[in-house]
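Student:
Protein chains: 2
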Amino acid sequence: MKLAKIELLNTGNELLLGGVRDLHLQWFGKHLFPLGLRIARQATVPDGSIIRTALLETFSRADVLIITGGLGPTTDDITRELVAEILSLPLKLHQETLERIQERCRARGIPFQPRMERQAMAPEGAVVLPNDQGTAPGLYIPPVEGVSWASPHLFLLPGPPRELQPMALAHVLPRLAELFSGTEKNECRIYRVVGMGESKLEAAIGLSISQRGDLEVGYCARPNEVDFRLIGKSEILDEVEPSILAAVGDKLLSTNDESLDEVVVSLLRKAKASVATAESCTGGTLANRLTDVPCASEVFLEGFVTYSNESKSALLGVPSELIAHRGAVSEEVVCAMAEGALERSGATYALATTGIAGPGGGSPEKPVGTVWLALAERGQATHSWMEKFMTDRLTFKQRATQAALDQLRKRVLASLTHD
Amino acid sequence: MKLAKIELLNTGNELLLGGVRDLHLQWFGKHLFPLGLRIARQATVPDGSIIRTALLETFSRADVLIITGGLGPTTDDITRELVAEILSLPLKLHQETLERIQERCRARGIPFQPRMERQAMAPEGAVVLPNDQGTAPGLYIPPVEGVSWASPHLFLLPGPPRELQPMALAHVLPRLAELFSGTEKNECRIYRVVGMGESKLEAAIGLSISQRGDLEVGYCARPNEVDFRLIGKSEILDEVEPSILAAVGDKLLSTNDESLDEVVVSLLRKAKASVATAESCTGGTLANRLTDVPCASEVFLEGFVTYSNESKSALLGVPSELIAHRGAVSEEVVCAMAEGALERSGATYALATTGIAGPGGGSPEKPVGTVWLALAERGQATHSWMEKFMTDRLTFKQRATQAALDQLRKRVLASLTHD
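For the protein sequence lines, the chains are A and B, in the order given.
Under my numbering, the residues of the first sequence are numbered 1 to 419, in order.
Under my numbering, the residues of the second sequence are numbered 1001 to 1419, in order.
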């Protein structure tokens, strides 16, 4: 079976004006691959009638066209109407959707506005894809024969990712899997590596593999984390895997797309251990990342965000003389923070951070980007270390918490292996 | 002068496989607007010869085409060669670039590879745009007359944003500004509104404005926040602004692209006030959002992430009988949390959250998504309220903290107005 040509058409002036960053291409790219499918081409066009031109262009070359945006209640939302017109399909009121929208308004105490009714209109023959996160449903329109063309399988989906993604998972991906079930599936393995740069990773494992010619190789670097991607036949992937695992050792975070946060929570649950956090410069990012993971409450007891010096003393028992003498950003203070959090929380482990996130607050001895980190464990010496992340404030918070969580990951992993 | 048609063509398999998220469209959108220019259309295509098709399509309709990616040293990087072939321009070695690449290799201790020389080739008549962040230079190719077409102004730029952005700032934007200096510049105003849905907003202000015909109207909705965008002549924007401000009242968050976090920190600084946080279900998101803002340390003293019941009692003094009797997710407990944080921190205000983020932990009386919020202020009665956000865990955390921060914003705003 030849590879299905799937195209993605994003609509919306805000995407072209830079107000919003597109998330759909990446999302579909990731989620189609396991089905043996890929996006062949993607385009972004403004709101309005130019959507018609872009639509008609794809008809001759695409098997599937996924259109995002323009299904909302406001006057610039015209995708539904344009598609119905091009395909000469009358729009009919979908009673169930209307009731769903009215019910949603009632539940949220929002008055039902007459213009919301447009969102309950569906072209004849379309399958309505319910929206559990918003008002506008999606639509699936099977191929229609026109005078001089045939339309591809059309999916009209809402623009906001929090509405589109659950809808696509429930209704678009399963349908595509069924439509193209005969497609040959290559396997994609992602080795997520932490604490090892892209070029070092390539030097260690990538070069000999990319020269083979029977595997597609790719890299994706994020703050302090690199995905090494291999696409090919399973037996070939099995053949090269041992050399990859040997080269990355305990720097391998996951092979199943799990984030560091998820890996840490899952290891702590396995070890029946718990963690508390004491944060200065990372300002709650550590606690926030841990509590992004469902069931975090089983392993995360409490977190202290001690931004001011006074709060470091009052909440964590860091002696104020120590802060005055050594400075808030110091090895002694970060250890006292971690040990204070450990003692007060009763947790198995405590992580602490103190540093200078910037843009202000740096000095020649302690420039912006400096951070001291500590990991305290019941009955063990506290481990502390310094890092420098010369970057913007938000990336700094991300990288500092990445370093802290990775240290905890390795510690819990070792405890599980030694048992 | 009619609006220049600028198109953006992104090349690269990694964009279509989801390994990398495109940053170029948003970047160019933001940077072209102040020049009176816009991206009319954007497309992503894989590496390889399909780039030729995509290129030729644009020739008939674009004045400018910006192509990103495919300038590197590897075999799948063929943009430069394809463009030269289509335009029948011979490729010539650019000696200065070759020396630059060789020097770069020396400085970094990387052996110079013969295939790197390809990156120093430039089509005849092209302007070489130096790359200060990597090896491959960019290229500007002025319009060329072909047999049955004329090429647009072509810019070939490297794919990595850290190479492309400085190059575009130095060499692409100034050239476009000069080429299209006669373009009329419209103004873009964004009214960011919080606590008012898209349809309600349009009913309140948008309809009469979109019917005028001399303003371009757009909406962009995010969790609990909507941007209402107007583009047009400054005098017309001035004319309609008073009616917009009157309609949205204190639901107006900002008109300068500031986020709620930034607005709250800036209002607190203006009021010389401070805030502490006590979070259960939001698990540090409140503290994290406040500390994302530079200078947060002037107004944010400390935060408590009291995930377990024990920590609510130990850290915030919430009586354990109250938790046992009313439940951790209750009005009484959220008020006690906020008041405990206020007292212990000495801050002017304290925000507290307790709820059920899910996916587990719900009950018929308190379903997943239920959250109690409180705002305590020195010398004032504590304000508490309940919300229900039936959504995924991460959006729940985002919306609950949005509601809490917006309440604080309105309170501080009122205190400043009354003074």
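Backbone N, C-alpha and C fix where the C-beta goes; we use that ideal spot for every residue, glycine too.
Starting from the beta carbon of residue 73(A), find every residue of chain B whose beta carbon is closer than 8 Å, and list them in chain order.
Tutor: Residues of chain B passing the Cβ test: 1198, 1199 and 1202.
Student: Which runs of the alpha helix (DSSP H), 4 residues or longer, sit entirely within the stretch 1037-1104 of chain B?
Tutor: Complete alpha helix (DSSP H) runs here, min 4: 1050-1059 and 1079-1086.
Student: Using 8 Å as the threshold, is the stretch 93-109 of chain A in touch with the stretch 23-37 of chain A, meaning 3 or more CB pairs across them?
Tutor: Result no; under three Cβ-Cβ pairs closer than 8 Å.
Student: Measuring alpha carbon to alpha carbon, tell me which residue in 240(A), 329(A), 74(A) and 114(A) is nearest residue 1202(B).
Tutor: It is 74(A) whose Cα lies nearest to the Cα of residue 1202(B).
Student: Residues in the same chain with beta-carbon distance under 7 Å from residue 1061(B), minus the five sequence neighbours each way, listed in chain order, please.
Tutor: Around residue 1061(B): 1005.
Student: Tell me the DSSP secondary structure of residue 149(A) in three-state form.
Tutor: Coil.
Student: Is there at least one Cβ from chain A nearer than 7 Å to residue 1113(B)'s Cβ?
Tutor: Cβ-Cβ to chain A under 7 Å: no for residue 1113(B).
Student: Report the option in 1331(B), 1332(B) and 1352(B) whose CA atom is closest to the CA atom of residue 1341(B).
Tutor: Nearest C-alpha to residue 1341(B): 1352(B).
Student: Using the three-state DSSP reduction, which class does residue 1019(B) fall into: helix, strand or coil?
Tutor: The answer is coil: DSSP assigns residue 1019(B) none of H, G, I, E or B.
Student: When the cut-off is 7 Å and only beta carbons count, does residue 191(A) lie next to chain B?
Tutor: Not one chain B Cβ lies under 7 Å of residue 191(A).
Student: Give me the Cα-Cα distance between residue 1262(B) and residue 1273(B), rounded to the nearest whole angstrom.
Tutor: Residue 1262(B) and residue 1273(B): Cα-Cα distance of roughly 15 Å.
Student: Determine, using beta carbons only, whether residue 63(A) comes closer than 7 Å to chain B.
Tutor: No, residue 63(A) does not count as interfacial toward chain B.
Student: Measure the alpha-carbon distance for residue 116(A) versus residue 13(A) and round it to whole angstroms.
Tutor: So the two alpha carbons sit approximately 21 Å from each other.
Student: Verify the CB distance criterion: does residue 1044(B) have a CB-CB separation below 7 Å to chain A?
Tutor: Residue 1044(B) counts as touching chain A.
Student: Whose C-beta lies closer than 8 Å to the C-beta of residue 1267(B) among residues of the same chain, with five residues either side of it excluded?
Tutor: For residue 1267(B), where only same-chain residues beyond five positions count, the Cβ hits under 8 Å are 1409, 1412, 1413 and 1416.
Student: Buried or exposed: residue 390(A), going by 16 or more other Cβ atoms within 10 Å of its Cβ?
Tutor: Exposed: under 16 other Cβ atoms inside 10 Å.
Student: Please confirm if residue 300(A) has its CB atom under 7 Å from at least one CB of chain B.
Tutor: Output row for residue 300(A): interface = yes.
Student: For the stretch 301-328 of chain A, which residues have a CB atom closer than 8 Å to at least one CB atom of chain B, in sequence order?
Tutor: Within the stretch 301-328 of chain A, the residues whose Cβ lies closer than 8 Å to some Cβ of chain B are 301, 302, 303, 304, 305, 306, 307, 308, 310, 311, 314 and 315, listed in chain order.
Student: If distances are taken between C-alpha atoms only, which option among 362(A), 195(A) and 183(A) comes closest to residue 249(A)?
Tutor: It is 195(A).
Student: Relative to the C-alpha of residue 1332(B), which candidate in 1093(B), 1318(B) and 1361(B) has its C-alpha closest?
Tutor: Of the listed residues, the one whose Cα sits closest to residue 1332(B) is 1318(B).
Student: Mind checking which residues open and close the alpha helix (DSSP H) that includes residue 1028(B)?
Tutor: Per DSSP, residue 1028(B) belongs to the alpha helix (DSSP H) from 1024-1032.
Student: How is residue 249(A) classed by DSSP in three states: helix, strand or coil?
Tutor: Helix, per DSSP.
Student: For a test of the three-state rule: what should DSSP assign to residue 1139(B), helix, strand or coil?
Tutor: Residue 1139(B) falls in the strand class under three-state DSSP.
Student: Given 8 Å as the limit, is there contact between the stretch 1165-1178 of chain B and the stretch 1120-1133 of chain B, that is, 3 or more CB pairs closer than that?
Tutor: Contact holds: three or more Cβ-Cβ distances are below 8 Å.
Student: Determine, using beta carbons only, whether residue 1374(B) and residue 1384(B) come nearer to each other than 7 Å.
Tutor: Contact: yes.
Student: On the three-state DSSP scale, how would you describe residue 265(A)?
Tutor: Three-state DSSP puts residue 265(A) in a helix.
Student: Measure the C-alpha to C-alpha separation of residue 1223(B) and residue 1398(B) and round it to an integer number of angstroms.
Tutor: So the two alpha carbons sit approximately 7 Å from each other.
Student: Closest by CA to residue 1065(B), which one among 1028(B), 1093(B) and 1094(B)?
Tutor: The option with the nearest alpha carbon to residue 1065(B) is 1028(B).
Student: CA-CA distance, residue 241(A) and residue 200(A)?
Tutor: If I take the Cα positions, the gap works out to 18 Å.
Student: Classify residue 1256(B): buried if its beta carbon has 16 or more other beta carbons within 10 angstroms, exposed otherwise.
Tutor: Exposed, by the Cβ-count rule.
Student: Going by DSSP in three states, residue 270(A) sits in which element: helix, strand or coil?
Tutor: Reduced to three states, the DSSP call for residue 270(A) is helix.
Student: Residue 1149(B): buried (16+ other C-beta within 10 angstroms of its C-beta) or exposed?
Tutor: Exposed, by the Cβ-count rule.
Student: Quick one: using the 10 Å Cβ neighbour count with 16 as the cut-off for buried, is residue 1212(B) buried or exposed?
Tutor: Counting Cβ neighbours within 10 Å, residue 1212(B) comes out exposed, since fewer than 16 surround it.
Student: When DSSP labels each residue in this structure, what does residue 159(A) get in the three-state scheme?
Tutor: Here residue 159(A) sits in coil by DSSP.
Student: Just to confirm, are residue 1189(B) and residue 1254(B) a CB contact at a threshold of 7 Å?
Tutor: Their beta carbons are not under 7 Å apart, which means residue 1189(B) does not touch residue 1254(B) by this criterion.
Student: If you measure between the beta carbons of residue 161(A) and residue 23(A), is that distance less than 7 Å?
Tutor: Yes; because the gap between Cβ atoms is below 7 Å, this pair is in contact.
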